[in-house]
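Going by our numbering, the residue at position 225 of the sequence shown is 213; the numbering climbs one at a time, nothing skipped.
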Amino acid sequence: MLTYLSEQHLLHAPTHEFFRGALVPCHETPSRLNSVQAALQASGRHRLLAPELDSRALLVRVHTPRYLHFLEHAWDEWLALDPANAGRQPWPSTWPVRSLRADREPREFSARLGLFSFDSGTPLSSGTWAAAKAGADAAFSAAARLLSGRERAVFSASRPPGHHAGADFMGGYCFLNNAALAAQALLDGGCARVALLDVDYHHGNGSQSLFEARADVLYVSLHGDPATEYPFFLGHADETGVGEGNGYTLNLPMPAGTNAATWFAALETACARVLEVGAEALVVSLGLDAYEGDPISRFGLSSADFARLGARLYGLGLPTLFVLEGGYATAQLGLNALAVLDGFERT
Ligand code: SP5
Ligand code: ZN
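Below, the structure written as structure tokens:
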């Protein structure tokens, strides 16, 4: 499968995240995508290309100008506060939750970091913007290839991931919503309706928030029940869309510990809805953290199940754009991604 992958991802390499009040090594590391790159190259079955398109004009179709401006200049502002910050990670400490104002942008850097975040689990590093922008370029390039009609499927293999990022917020290791950008590019390129199927263990709250009031993108997600699983504050079954988008959000939360049989039954419900709404293209938020060996997630999919997932998605008969999201069992990540692509292409 044609795969877009930019080496620029290496520039996003924060070292620590918070866990139970302590700093622990980041789960979302450069070695994740190195694992995917190595597995695809070793297979000899997949062609890796650097992104060839600039997503700049597409970014403002999904994200707000003030958020994009903040993200692009955040590291320089952090350094301007103190040159010693080069060796430190910035963290938000104040968030404009209920009753506080999000319309006024404070001048203070950490306050703006809070304004544009929903968690303290999304560390920035010097190359975050460059890496995130390259990931958006990969998603945009993949969408253009799919629109050309010569490929049945394309893979945008990037990090940092994207599905927790909304119009004006980062969170959950995500900064720019690559899958949403791809869906928007497919619409702009002539598709009347796109389905965004999110199989990451975590609910894609950013993607849902971007599309819940629209009928041109169906958002369907299989994920850990937000009552106990991150991101906790969105992803319940009673969220079915808003206004014109009523009926175009479908959440299929499942309890931690869910096995493959139950997960694939939910996948059938998701697939039926994708066909029912007449989607002309499919974007897959391909998180691989539903894997049984994932260190921060609790579903029971095996590597063979990922091949089954790929085969099932092939059966939908739609032009398909895979976008890498989460998955933290780094040593297995490449083989699990490869299993999805090979499952798709060998059926
Ligand atoms: C894209 C994606 O999969 N984002 C997931 C973000 C999850 N953030 C919360 C992580 C909590 C990690 N708990 C640390 C366990 C340390 N042993
Ligand atoms: Zn995830």
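Just so it is clear, CB atoms sit at the ideal spot from N, CA and C, and this is done for glycine as well. These numbers were taken from a predicted model, which means no experiment stands behind them.
Sequence-distant residues of its chain with Cβ nearer than 8 Å to residue 243 (five each side left out):
Shown here for residue 243: same chain residues with a beta carbon closer than 8 Å to its own, the five before and five after excluded, namely 212, 213 and 216 in chain order.
Give me, in chain order, the residues of the same chain whose beta-carbon lies closer than 6 Å to that of residue 66; leave out the 5 immediate sequence neighbours on both sides.
The answer, listed in chain order, is 73 and 78.
Hey, could you find the ends of the beta strand (DSSP E) residue 13 is sitting in?
Where residue 13 is concerned, the enclosing beta strand (DSSP E) starts and stops at 10 to 13.
Check the DSSP bridge columns for residue 5 and list the partner residues they point to.
Looking at the DSSP output, residue 5 sits in a beta bridge with 12.
Residues bridged to residue 311 (per DSSP)
In DSSP, residue 311 forms a bridge with 144 and 273.
Would you kindly check if the distance between the Cβ of residue 279 and the Cβ of residue 324 is under 7 Å?
The answer is yes: Cβ separation under 7 Å.
Assuming residue 128 contacts residue 46 (C-beta within less than 8 Å), just tell me the rounded distance between them.
The Cβ separation is near 5 Å, so the contact holds.
How far does the beta strand (DSSP E) with residue -8 in it reach, from first residue to last?
-10 to -8 is the extent of the beta strand (DSSP E) around residue -8.
Verify the contact flag: residue 109, CB atom, against every heavy atom of the ligand SP5, threshold strictly below 6 Å.
The closest heavy atom of the ligand SP5 lies less than 6 Å from the beta carbon of residue 109.
Of the residues 42, 310 and 9, the one placed nearest residue 341, counting alpha carbons only
Since the first and last residues shown for the chain are -11 and 335, residue 341 lies out of range.
Neighbourhood of residue 250 by C-beta, 7 Å cutoff - its chain only, sequence neighbours within 5 removed
Counting only Cβ-Cβ distances below 7 Å, and skipping sequence neighbours, we find 242.
Outcome for residue 16 when other beta-carbon atoms lying within 10 angstroms are tallied against a minimum of 16:
Counting of Cβ neighbours within 10 angstroms places residue 16 among the buried residues, the total reaching 16 or more.
Near residue 151, which residues of its chain fall below 7 Å by C-beta distance, leaving aside the five closest residues on each side in sequence?
Only 162, 165, 167, 186, 188, 192, 194, 195, 273 and 313 meet the Cβ criterion.
Is the CB-CB distance between residue 182 and residue 254 below 7 Å?
Against a cut-off of 7 Å, the Cβ pair of residue 254 and residue 182 comes out as no contact.
8 Å contact criterion, which residue 124 and residue 169 should meet: CB distance rounded:
That belief holds up - the Cβ atoms of residue 124 and residue 169 are roughly 5 Å apart, short of 8 Å.
Quick one: does the C-beta of residue 275 sit closer than 6 Å to a heavy atom of the ligand ZN?
It does: the Cβ of residue 275 is within 6 Å (strictly closer) of some heavy atom of the ligand ZN.
Using CA coordinates, which residue listed in 190, 179, 301 and 257 is at the minimum distance from residue 267?
Of the listed residues, the one whose Cα sits closest to residue 267 is 179.
Would you say residue 190 touches the ligand SP5, meaning its beta carbon is less than 6 Å from a heavy atom?
Using a cutoff of 6 Å, the CB of residue 190 counts as near the ligand SP5, since one of the ligand's heavy atoms is closer than that.
Kindly list the residues whose CB is nearer than 6 Å to the CB of residue 310, restricted to its own chain and excluding five residues on each side of it in sequence; keep chain order.
Here the set comprises 143, 272 and 274.
Hey, could you find the ends of the beta strand (DSSP E) residue 237 is sitting in?
Here the beta strand (DSSP E) through residue 237 covers 237 to 242.
In the DSSP output, what is residue 211 paired with across the bridge?
Per DSSP, the beta-bridge partners of residue 211 are 241.
Uninterrupted beta strand (DSSP E) stretches inside the region 154 to 218 (no shorter than 3 residues)
Within the region 154 to 218, the runs of beta strand (DSSP E) that reach at least 3 residues and sit entirely inside it are, in chain order, 182 to 186 and 205 to 212.
Candidates 315, 333, 308 and 94: closest to residue 135 by CA position
Answer by Cα proximity: 308.
Under the rule that 16 or more other beta-carbon atoms within 10 Å means buried, what is residue 53, buried or exposed?
Exposed.
Can we count residue 106 as close to the ligand SP5, meaning its CB is less than 6 Å from some heavy atom?
Checking the Cβ of residue 106 against the ligand SP5 gives no.
N- and C-terminal bounds of the alpha helix (DSSP H) containing residue 54
Judged by DSSP secondary structure, residue 54 falls within the alpha helix (DSSP H) whose first and last residues are 53 to 69.
Coil, strand or helix - residue 105 by DSSP:
Residue 105 falls in the strand class under three-state DSSP.
With distances taken Cα to Cα, identify the nearest neighbour of residue 100 among 80, 285, 112 and 50.
Nearest C-alpha to residue 100: 80.
If we call anything under 7 Å between Cβ atoms a contact, is residue 108 one with residue 63?
The Cβ atoms of residue 108 and residue 63 lie no closer than 7 Å to each other.
Rounded to the nearest angstrom, what separates residue 230 and residue 121 at their Cα positions?
In a straight line, the C-alpha of residue 230 is about 30 Å away from that of residue 121.
Looking only at DSSP bridge pairs, what is residue 35 linked to?
Residue 35 is bridged to -10.
I'd like to confirm something about residue 75: is its beta-carbon nearer than 6 Å to some heavy atom of the ligand SP5, or not?
For residue 75, the shortest separation between its Cβ and any heavy atom of the ligand SP5 does not lie below 6 Å.
For residue 190, count neighbouring Cβ atoms within 10 angstroms of its own Cβ and tell me buried if that reaches 16, exposed if not.
Counting other Cβ atoms within 10 Å of its Cβ, residue 190 reaches 16 or more and is therefore classed as buried.
Residues sharing a beta bridge with residue 297, DSSP
Residue 297 pairs with nothing; no bridge assigned.
In whole angstroms, give me the CA-to-CA distance for residue 298 and residue 1.
Cα to Cα, residue 298 sits roughly 30 Å from residue 1.
Three-way DSSP call (helix, strand, coil) for residue 304 in this model:
In the structure shown, residue 304 falls within a coil segment according to DSSP collapsed to helix, strand and coil.
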